[in-house]
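K.L.:
Chains as they are written, first to last, in my numbering: chain A, 39 to 277; chain B, 39 to 277.
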């Protein structure tokens, strides 16, 4: 018997609790402790809400503090503290799952935790259970292929620079812009400038309270929610 | 009661039957007929093998012929024939699921079927159930984040032109090359030319018989299987 527990990164998908994989559900039912990241925005407890129908009664949950900063030192010390919280249980032989919205390997904070645990406690085994991303759910829900034979697909998260977005749209056949709440006016302008207004769509909070279904960028809210995305399709098949 | 059935595109994930979503499993258990694409390569019945543990006994399965051609007219007439096979059942009020490896909206033949059905039988409702892609499973299985904060991710399928791949690697932070069996020697050369040999890895047939676990491109088979992919990571975190 292994006296050290396993740390699992579990993707819970974008919102619908039916979009977890069987492996995610089986993992969540088996672990002794759940971790979820809380932030100043508090968006991250959404992962816990999605997972809740699948948890066994009484499983303890610890919210990990995750500073919304790009300061490397602040981030590192926060994740070291979080790694120690996880390790305390893991070293007692208890399995621990860290919940992430979508997929733990796609723009997730799990990477920080996994790296920090690997550095401080190299003896702790880490496993990852993938999850459906918001853009996959957006494509499925609207029957729009993200990418087809002969095409490419570019995934971005947040637009800081309209010029970079403009270049990206020139090069990619299909583009997904996650966290498109940031500089949404600029995104709209660039997409329309490229004549792609009728080849793009906006969705927000897929499968969650406050969902905004597919609409054109022109009809999207001026100040979209944090969990908003834009799909741009340049290929022969319209969005 | 609706007298017309629903056509479902169901993603069965990359190989492990535990990587289907609950929604996919629930859909497969409910439908009256299953469709899967067979090809001259015969790879497509893999989707049926993955789904098999989740099917109710005795559900009929029809293999649809899918020509491996880029001739638009041949493709169209094949998919019209396939759409008619599906429609015959759907118009009797029976629900039908078309199985796809990975996700039905990511390089899947489901797009052809759905469009043809929509054109010939606009009254038939179509729904899509997303699935875990091979590159998500590759990232999860190896604990390698596909993309992190501030980075982008480019997905390609098949490399026809080494120059195009070279440009892509220059522009993208992280790149996934699906169907990397095609021109694998050129892929290897371009990746190494960019000094990304130690920032890339190869995997094949994840979760399937004949799986090749993570290895360097230099150690990969010279003639990789059809279901092979390469991940290239340029960001600060190594692959």
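We put the CB at the ideal spot given by N, CA and C, even for glycine.
#1: Got a sec: is the Cβ-Cβ distance from residue 221 of chain B to anything in chain A below 8 angstroms?
#2: Whose C-alpha, out of B:169, B:171 and B:182, is nearest the C-alpha of residue 156 of chain A?
#3: Specify, as a first and last residue, the run of the alpha helix (DSSP H) that residue 158 of chain A falls within.
#4: Tell me whether residue 86 of chain A sits in a helix, a strand or coil according to DSSP, three-state version.
#5: Is there a Cβ of chain B sitting closer than 8 angstroms to that of residue 143 of chain A, yes or no?
#6: Suppose you measure from the CA of residue 89 of chain B to the CA of residue 63 of chain B; what does that come to, to the nearest Å?
#7: Using CA coordinates, which residue listed in A:228, A:105 and A:179 is at the minimum distance from residue 151 of chain A?
#8: Which residue marks the beginning of the beta strand (DSSP E) containing residue 124 of chain B, and which one marks its end?
#9: Where do the N-terminal and C-terminal ends of the alpha helix (DSSP H) with residue 64 of chain B fall, by residue?
#10: Of the choices B:162, B:125, B:169 and B:121, whose alpha-carbon is the least far from that of residue 66 of chain B?
#11: Using a 10 Å radius around the Cβ and a threshold of 16 neighbouring Cβ atoms, would you call residue 142 of chain B buried or exposed?
#12: In the DSSP assignment, what are the bridge partners of residue 240 of chain B?
#13: Secondary structure at residue 74 of chain B, three-state DSSP: helix, strand or coil?
#14: Using only the alpha-carbon positions, how far apart do residue 162 of chain B and residue 153 of chain A sit?
#15: Do residue 138 of chain A and residue 58 of chain B have their C-beta atoms closer together than 8 angstroms?
#16: Measuring alpha carbon to alpha carbon, tell me which of B:186, B:204 and B:215 ends up nearest residue 173 of chain B.
#17: In the DSSP output, which residue or residues are listed as bridge partners for residue 164 of chain A?
#18: Counting only Cβ pairs nearer than 7 angstroms, list the residues of chain A close to residue 194 of chain B.
#19: In chain order, what residues of the same chain have a beta carbon less than 6 angstroms from the beta carbon of residue 228 of chain B, not counting five sequence neighbours either side?
#20: Classify residue 259 of chain B: buried if its beta carbon has 16 or more other beta carbons within 10 angstroms, exposed otherwise.
#21: Going by the DSSP bridge assignment, what does residue 215 of chain A pair with across the sheet?
#22: Going along the chain, which residues of the region 56 to 88 of chain A sit with their C-beta nearer than 8 angstroms to a C-beta in chain B?
#23: Please check the pair residue 140 of chain B and residue 171 of chain B, which I expect to be a contact at CB under 8 angstroms, by giving their CB distance rounded to whole angstroms.
#24: Since residue 69 of chain A and residue 135 of chain A should fall inside the 8 angstroms C-beta cutoff, what is the C-beta to C-beta distance between them, to a whole number of angstroms?
#25: Are the CB atoms of residue 144 of chain A and residue 145 of chain B nearer to each other than 8 angstroms?
#26: Expressed to the nearest angstrom, what Euclidean distance is found between the alpha-carbon atoms of residue 120 of chain B and residue 175 of chain B?
#27: Answer yes or no: does any C-beta atom of chain B fall closer than 8 angstroms to that of residue 102 of chain A?
#28: Could you please give me the residues that DSSP links to residue 135 of chain B through a beta bridge?
#29: What first and last residue would you give for the beta strand (DSSP E) that runs through residue 102 of chain B?
#30: Hey, is residue 217 of chain B close to the ligand COA, as in C-beta under 7 angstroms from one of its heavy atoms?
#31: Can you look up residue 51 of chain A in the DSSP assignment and give me helix, strand or coil?
#32: Does residue 229 of chain B come out as helix, strand or coil in the three-state DSSP assignment?
#33: Under 7 angstroms Cβ-Cβ, which residues of chain B neighbour residue 149 of chain A?
#34: Should residue 223 of chain A go down as buried or exposed, given a rule of 16 or more other Cβ atoms within 10 Å for buried?
#35: Can you pull the chain A residues whose beta carbon is under 8 angstroms from the beta carbon of residue 168 of chain B, in chain order?
#36: Where residue 126 of chain B and residue 225 of chain A are concerned, what is the direct C-alpha to C-alpha distance, given to the nearest angstrom?
P.N.:
This is what the structure holds:
#1: no
#2: Of the listed residues, the one whose Cα sits closest to residue 156 of chain A is B:182.
#3: 148 to 158
#4: helix
#5: yes
#6: Going by the C-alpha atoms only, they are around 8 angstroms apart.
#7: Measuring from the Cα of residue 151 of chain A, the nearest candidate turns out to be A:105.
#8: Not the beta strand (DSSP E): residue 124 of chain B falls in the alpha helix (DSSP H), residues 110 to 128.
#9: 60 to 68
#10: B:169
#11: Result: buried.
#12: B:253 and B:268
#13: Strand.
#14: A direct Cα-to-Cα measurement between residue 162 of chain B and residue 153 of chain A gives close to 48 angstroms.
#15: No, the pair does not count as a contact, with Cβ atoms beyond the cut-off.
#16: B:215
#17: A:45
#18: 190
#19: 200, 203 and 204
#20: exposed
#21: Answer is A:194 and A:268.
#22: 56, 57, 58, 59, 60, 61, 63 and 64
#23: 4 angstroms
#24: The pair is a contact, with the Cβ atoms about 4 angstroms apart (cut-off 8 angstroms).
#25: no
#26: 30 angstroms
#27: no
#28: B:46 and B:72
#29: 99 to 103
#30: Looking for the ligand COA in the displayed structure turns up nothing, as the structure carries no ligands at all.
#31: strand
#32: helix
#33: Neighbours of residue 149 of chain A in chain B, taken as residues whose beta carbon is under 7 angstroms from its own, are 183 and 186 in chain order.
#34: exposed
#35: 57, 170, 174, 175, 177 and 178
#36: 44 angstroms
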